[in-house]
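Below is one structure; the comments refer to it alone.
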Amino acid sequence: MAISKRTLFLKRRMRNRSKMRKVAAGRPRLSVHRSSKNISVQLIDDVNGVTLASASSMEKDLGVVGKNNVEASAKVGTAIAERAKKAGVETCYFDRGGFLFHGKVKALADAAREGGLKF
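Its first residue numbered 76, the sequence shown is counted upward by one per residue in this note's numbering.
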């Protein structure tokens with residue numbers, strides 16, 4: 076019996092997170108979630124279990140509501156970089172979850188790096 080897409084996705088996500096937690100060294104985690112209509116990102120402090128900052132393509136002030144493309148992902152990336160600076164975070168580690176580092180996820184990461192986040 077073939078393994079389902081969802082099972083493969085979950086295996087990729089857990090493999091990625093377990094490797095990243097080993098080298099985290101107390102840094103916050105930049106977690107990305109991509110759906111068919113939106114993309115969202117959170118800066119999470121796993122030690123205290125709190126969200127430090129978040130950004131999403133569903134926010135009206137970003138001007139990309141209803142769009143799910145590379146340009147919208149780039150705007151979300153710059154927004155999270157600005158909000159991370161306000162929260163006092165300069166370095167983090169990038170948690171792509173089970174999503175491939177390509178297209179929208181890569182555009183978000185590049186925009187966050189250009190905004191000043193280091194990962």
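Where is the CB? At the ideal position from N, CA and C, for every residue including glycine. These figures come from a predicted structure and were not determined experimentally.
- Is the stretch 128-142 in contact with the stretch 97-115, if contact means three or more CB pairs nearer than 8 Å? Contact holds: three or more Cβ-Cβ distances are below 8 Å.
Quiz item: Looking at the structure shown, is residue 100 part of a helix, part of a strand, or coil, going by DSSP?
Solution: The residue you call residue 100 lines up with position 25 of the sequence shown. Residue state, collapsed to three classes: coil.
Whole beta strand (DSSP E) elements within the stretch 92-159, 3-residue minimum: Unbroken beta strand (DSSP E) runs of no fewer than 3 residues, entirely contained in the stretch 92-159, are found at 104-109, 114-120, 125-131, following chain order.
| Apart from the five residues just before and just after residue 160, which ones in its own chain have a Cβ nearer than 7 Å to its Cβ? | As a working note, residue 160 is residue 85 in the sequence shown. For residue 160, where only same-chain residues beyond five positions count, the Cβ hits under 7 Å are 191.
**Request:** Using the DSSP secondary-structure output, state which residues sit across from residue 193 in a beta bridge.
**Result:** Here residue 193 corresponds to residue number 118 of the sequence shown, with the count starting at 1. In DSSP, residue 193 forms a bridge with 166.
Q.
Just to confirm my understanding: we take residue 122, look at its own chain, exclude 5 residues before and 5 after, and list those with CB closer than 7 Å. What are they?
A. Residue mapping note: residue 122 aligns to position 47 of the sequence shown, counting from 1. Here the set comprises 101.
### Task
Would you mind giving the Cβ-Cβ distance between residue 180 and residue 171, rounded to the nearest angstrom? I have them listed as a contact below 8 Å.
Along the sequence shown, read from residue 1 onward, the residue named residue 180 stands at position 105. Along the sequence shown, read from residue 1 onward, the residue named residue 171 stands at position 96. With a Cβ gap of about 6 Å, residue 180 and residue 171 count as contacting.
Measure from the alpha carbon of residue 147 to the alpha carbon of each residue in 84, 82, 109, then state which is nearest. Translated into the one-based positions of the sequence shown, residue 147 becomes position 72. When C-alpha distances from residue 147 are compared across 84, 82, 109, the shortest belongs to 109.
query: When every heavy atom of the ligand ATP is checked, does at least one fall within less than 6 Å of the C-beta of residue 126?
result: With respect to the ligand ATP, the structure shown offers nothing to examine, as it has no ligands at all.
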